[in-house]
Every structure is written in structure tokens, then in C-alpha cells.
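In the working numbering, the protein residues as written are 1 to 91.
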């Protein structure tokens with residue numbers, strides 16, 4: 001498996017960035033060098049270093065590759081968003 005830097009958005013709206021180290025058929029993800037970017041409409045973005053991190057597949061809404069050239073040009077402290085409501089599949 002090659003080293004892939006990914007961004008993950010979870011069903012509760014959290015945003016993670018890390019190096020994808022492994023995954024399985026349930027979309028459980030193992031990330032290394034993980035950071036969580038907390039972006040709100042009222043405050044500057046906050047970055048929390050998490051290190052090695054496991055995300056359960058049921059909580060993964062979106063997973064995509066990161067373009068480092070674009071990502072490094074973004075001033076994350078100036079980004080603000082209104083959070084969306086958590087997703088919950090109806091059974």
C-alpha cells in the first residue's frame with residue numbers, strides 16, 4: 001500500500017487529515033500523523049494533533065486524497081463554516 005494523505009469528514013461533521021495506513025471492507029480507517037481541524041463560524045480554526053488514530057467505518061461520511069499544494073495555500077485560520085447537522089441513517 002502506498003502512502004496516501006487523506007482528508008476525512010465524519011457523519012457528525014468532524015474533519016480529520018492524516019496518512020492512510022490501512023482500511024478494511026467496513027471502511028474502518030487507520031490514520032497516522034492525524035490532525036483534527038475544528039472549524040466554526042465564530043472562532044479561528046483550531047488544529048489538534050492526534051497521532052495514530054482509528055476511525056470506525058460507520059462514522060466515515062467522506063474520504064478523499066489531499067492535494068498538498070492547494071492545502072498548504074489555504075489560510076485555515078480565516079476559514080469559517082456553519083456546521084451541518086449530524087447524519088444518521090434511518091433503518
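Heads up, the beta-carbon is just placed ideally off N, CA and C, and yes, glycines get one too. Bear in mind that the values here come from a model prediction, so they are computed numbers and not experimental data.
{"Check": "Alpha-carbon spacing of residue 91 relative to residue 15, whole angstroms", "Outcome": "Confidence is the limiting factor: at residue 91 the pLDDT is only 49, short of 50, which leaves the residue's position unreliable, though a coordinate-based value still follows. For residue 91 and residue 15, the distance between alpha carbons rounds to 26 Å."}
{"Check": "For residue 49, the residue or residues it bridges with in DSSP", "Outcome": "35"}
{"Check": "Per DSSP, cross-strand counterpart(s) of residue 4", "Outcome": "20"}
{"Check": "Bounding residues of the beta strand (DSSP E) (the contiguous stretch that carries residue 79)", "Outcome": "Unbroken run through residue 79: none, as it is neither H nor E."}
{"Check": "Helix, strand or coil at residue 13 [DSSP, three-state]", "Outcome": "coil"}
{"Check": "Coarse secondary structure for residue 70, derived from DSSP in three states", "Outcome": "helix"}
{"Check": "Residue 10 classed as buried or exposed, judged by whether at least 16 other C-beta atoms fall within 10 angstroms", "Outcome": "buried"}
{"Check": "Cβ shell of residue 77 (< 7 Å), same chain only, five flanking positions each side left out", "Outcome": "44 and 45"}
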